[in-house]
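A short worksheet on the structure shown next.
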Amino acid sequence: MIDIKLIRTNPELVKENIKKKFQDEKLELVDKVAALDEQFRATKVECDNLRNQRKVKSKEIGAFMSRGDKFKAEEVKKEVALIGAELEKKEQLETELEAEIRKIMLVIPNIIDESVPIGKNDTENVEVERFGDPFVPEFEIPHHVDIMEKLHGIDLDSARRTSGNGFYYLCGDIARLQSCILSYARDFMIDKGFTYYIPPFMIRSNVVNGVMSFDEMENMMYKIEGEDLYLIGTSEHSMIGKFIDTIIPEEELPKALTSYSPCFRKEVGAHGIEERGVYRIHQFEKQEMVVVCKPEDSMDWFRKLYSYTVEFFRTLDVPVRTLECCSGDLADLKVKSLDVEAWSPRQKKYFEVGSCSNLGDAQARRLGIRVKAADGTKYLAHTLNNTVVAPPRMLIAFLENNLNEDGSIRIPEALRYYMRKDKIEVPEK
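As structure tokens, then:
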């Protein structure tokens, strides 16, 4: 959510930003919220004047009563009552205007960084850099489900019977591999100086509205019936929500946190749920990075965060590339975003395995996350988030890039401490 002051002082900048995001249908909202804001401020002044009048008149009542002039006192009481009735109506209008302004402000997109490439959708995202050599072996690489089934590591049929499409049972060495990757990711980030968290897996609606746009919430979040609680789609939601309505001493920044959680997503939209596979599913696990920092440090942290994901994947011998999201592919709260994509030797292309986002002060403004400087002044923090690793999607890249011709899986050195072996063998029939 942007600062209302920006609409007051530079509405054309806000409109130009909307055009860059190809959301022209929102242009009229800028003028609408500007008019509502003007009415709101005028109403607020009227309320203040009425309160002052009531205060003055109330003192007159006391003065008349002290002189024994009850008639005059009663007359002034009537005036105070009329002022009170008018004030009540104006306060109601003030509340309604404030709510309507906030409702509109929540859908006006954040101001994107000037370095963001302009484009309509994800087909116009821009490759930044590649790490590792994409390799296609001479033997044929099966579908990732076939690889797992050969290793007795997945059961989709049972999951369909218990839960429907978009769910799975992992078992044996594949289940163990997923747990080991998450343990390695946890320790990898702790070694980078991040504090490890396991957060709540449910959050209230005020936190949901603070961390994401309404469209994202509708397409992603599962609501708990009869409760003001939602299942998290990523631990970022809980971790940023942790700081709601807080004032952080500046000397405590940055807050560099890494968190594990299961994630639950509707996956509503064009992509849908896969009939066969674990790329797009309703439930998965993830290790996340979250940073709360000073505004002047957020772009440096943005570069650090995605570089950690690149480094993590390279230690597991998975080639990756970074892809900068264009303006039309940015969610409304984001200032800048970059995807990390892993190489698929089976498909001979890259696919997304993580996303790094700088949200500027948008989440902090919604959630009331402020920083107190040494001189006592307060300002809004900047927030960032990034995926370390999200199995089982990461398993697809890992299995394909470490597959041997006989169907066994090579375990890279970085993971051998956790797996206690250097290879996953195909079980004997």
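As numbered in numbering that gives the first Met the number 0, residues 0 to 428 make up the sequence shown, in order.
Here a beta-carbon is modelled for each residue, glycine too, at the ideal position from N, C-alpha and C.
Model, not experiment: these values are computed from the prediction.
message = Here's a check: name, in chain order, each residue in its chain whose Cβ is nearer than 6 Å to the Cβ of I146, leaving out the five neighbours to either side.
response = Translated into positions along the sequence shown, residue 146 becomes position 147. Apart from the 5 residues on each side of it in sequence, I146 sits with its Cβ closer than 6 Å to the Cβ of L398 in its chain, given in chain order.
inquiry  = My parser needs the alpha helix (DSSP H) runs of 4 or more residues fully inside the segment 149-177; what are they?
reply    = 155-161
request  = Within 10 angstroms of the Cβ of F134, are there 16 or more other Cβ atoms? Answer buried if so, exposed if not.
outcome  = Within the sequence shown, residue 134 is the residue found at index 135, counting from 1. Exposed: under 16 other Cβ atoms inside 10 Å.
query = Do L228 and R203 have their C-beta atoms closer together than 8 Å?
reply = The count along the sequence shown starts at 1 and reaches residue 228 at position 229. The count along the sequence shown starts at 1 and reaches residue 203 at position 204. The answer is yes: Cβ separation under 8 Å.
query = Taking C-alpha atoms, which residue in L150, G192, V106, I100 lies nearest to E427?
reply = To locate residue 427, count along the sequence shown from 1; it is residue 428. Of L150, G192, V106, I100, the residue nearest in Cα terms is L150.
key: C-alpha gap between I82 and A33, whole angstroms   = Position 83 of the sequence shown, counting from 1, holds the residue named residue 82. Position 34 of the sequence shown, counting from 1, holds the residue named residue 33. Roughly 29 Å between the two C-alpha positions.
inquiry  = I need the straight-line Cα distance from E226 to G232, nearest angstrom please.
reply    = As a position in the sequence shown, residue 226 is number 227, starting the count at 1. As a position in the sequence shown, residue 232 is number 233, starting the count at 1. One C-alpha to the other measures close to 17 Å.
key: Straight-line gap, A269 to N218 (C-alpha atoms, nearest Å)   = Sequence index remark: in the sequence shown, residue 269 carries index 270 (1-based). Sequence index remark: in the sequence shown, residue 218 carries index 219 (1-based). The predicted position of A269 is uncertain, since its pLDDT is 45 and thus under 50; no value can be drawn from it.
message = Counting beta carbon pairs with one atom in the segment 346-353 and one in the segment 367-379, are three or more of them shorter than 8 Å?
response = no
ask   = Would you report the Cα separation of A158 and P248, rounded to the nearest angstrom?
value = For the purposes of this step, residue 158 is taken as the residue at position 159 of the sequence shown. For the purposes of this step, residue 248 is taken as the residue at position 249 of the sequence shown. Their Cα atoms are separated by approximately 48 Å.
key: Alpha-carbon to alpha-carbon, E87 and E74   = Here residue 74 refers to the residue found at position 75 when the sequence shown is read from its first residue. Here residue 87 refers to the residue found at position 88 when the sequence shown is read from its first residue. Pairing E74 with E87, the inter-Cα distance amounts to about 20 Å.
request  = Decide yes or no for the touch test of the segment 408-423 against the segment 330-342: beta carbon pairs closer than 8 Å, at least 3 of them.
outcome  = no
ask   = Just how far apart, CA to CA, sit V289 and D244?
value = Residue mapping note: residue 289 aligns to position 290 of the sequence shown, counting from 1. Residue mapping note: residue 244 aligns to position 245 of the sequence shown, counting from 1. Approximately 17 Å, taken between the alpha carbons.
query = Expressed to the nearest angstrom, what Euclidean distance is found between the alpha-carbon atoms of G276 and H143?
reply = Locating residue 276 in the sequence shown gives position 277, where the first residue counts as 1. Locating residue 143 in the sequence shown gives position 144, where the first residue counts as 1. Near 7 Å, if we compare the C-alpha coordinates of H143 and G276.
query = DSSP puts Q444 in a beta bridge; with which residues?
reply = The chain is shown from 0 up to 428; residue 444 falls before or after that span and cannot be answered.
task = Along the alpha helix (DSSP H) that carries N208, what are the first and last residues, could you check?
result = As a position in the sequence shown, residue 208 is number 209, starting the count at 1. Looking at the DSSP string, the run of the alpha helix (DSSP H) that includes N208 is 204-210.
inquiry  = At the 8 Å Cβ level, is V32 part of the contact set with chain C, yes or no?
reply    = The structure shown contains no chain C; it holds only a single protein chain.
query = Does the count of Cβ pairs from the segment 186-205 and the segment 248-258 closer than 8 Å reach three?
reply = yes
ask   = Around the C-beta of G61, are 16 or more other C-beta atoms found within 10 angstroms, so that it is buried, or is it exposed?
value = Within the sequence shown, the letter at position 62 stands for residue 61. By the neighbour-count rule (16 or more Cβ atoms within 10 Å), G61 is not buried but exposed.
request  = Pick out whichever of G240, S306, A184 has its Cα sitting closest to the Cα of M211.
outcome  = For the purposes of this step, residue 211 is taken as the residue at position 212 of the sequence shown. Cα-wise, what sits closest to M211 is G240.
query = When DSSP labels each residue in this structure, what does G327 get in the three-state scheme?
reply = On the sequence shown, residue 327 is found 328 positions in, with the first residue counted as 1. Residue state, collapsed to three classes: helix.
key: Nearest-angstrom Cα separation, counted from T94 out to N16   = The count along the sequence shown starts at 1 and reaches residue 16 at position 17. The count along the sequence shown starts at 1 and reaches residue 94 at position 95. Distance between the alpha carbons of N16 and T94 is about 29 Å.
inquiry  = Can you check which of these residues, H381, M393, L105, E284, is closest to V317 by C-alpha distance?
reply    = Numbered from its first residue, the sequence shown carries residue 317 at position 318. With distances taken between Cα atoms, V317 lies closest to M393.
task = Could you pull out every residue in the same chain whose Cβ sits closer than 8 Å to the Cβ of G406, ignoring the five residues on either side in sequence?
result = Reading the sequence shown from its first residue, position 407 is the one you call residue 406. Cβ neighbours of G406 within its own chain (closer than 8 Å, five residues either side excluded): I146, K149, L150, V425.
inquiry  = Using only CA atoms, which one of L322, A373, H236 lies nearest to G209?
reply    = Taking the first residue of the sequence shown as position 1, residue 209 is located at position 210. If we check each option's Cα against that of G209, H236 comes out closest.
query = Could you give the distance in angstroms between the alpha-carbon of A98 and the alpha-carbon of F242?
reply = The residue you call residue 98 lines up with position 99 of the sequence shown. The residue you call residue 242 lines up with position 243 of the sequence shown. So the two alpha carbons sit approximately 23 Å from each other.
Contact under 8 Å by Cβ, K19 with I153 = What you label residue 19 is simply residue 20 of the sequence shown in a count that begins at 1. What you label residue 153 is simply residue 154 of the sequence shown in a count that begins at 1. Against a cut-off of 8 Å, the Cβ pair of I153 and K19 comes out as no contact.
query = What beta strand (DSSP E) runs, 3 residues minimum, are completely inside the segment 352-412?
reply = 369-371, 377-379, 381-388
key: Reduced DSSP category for R129 - H, G, I as helix; E, B as strand; rest coil   = In the sequence shown, counting from the first residue as 1, residue 129 sits at position 130. Looking at R129 - three-state DSSP - the assignment turns out to be strand.
Per DSSP, the bridge partner or partners of M201 = Numbered from 1 along the sequence shown, position 202 holds the residue referred to as residue 201. DSSP lists L230 as partners of M201.
ask   = What are the partner residues of M288, as DSSP defines its beta bridges?
value = As a first step, residue 288 must be located in the sequence shown, where it is residue number 289. Answer by DSSP bridge pairing, in chain order: T257, N385.
task = Measure the Cβ-Cβ separation of R129 and M418 and say whether it is below 8 Å.
result = The sequence position of residue 129 within the sequence shown is 130, counting from 1. The sequence position of residue 418 within the sequence shown is 419, counting from 1. Going by C-beta atoms, R129 is not nearer than 8 Å to M418.
message = In this structure, how does DSSP classify L35 when only helix, strand and coil are distinguished?
response = Within the sequence shown, numbered from 1, the residue matching residue 35 stands at position 36. Looking at L35 - three-state DSSP - the assignment turns out to be helix.
ask   = alpha helix (DSSP H) containing D299: first to last residue?
value = Residue mapping note: residue 299 aligns to position 300 of the sequence shown, counting from 1. It spans 297-314 - the alpha helix (DSSP H) in which D299 sits, taken as one unbroken run.
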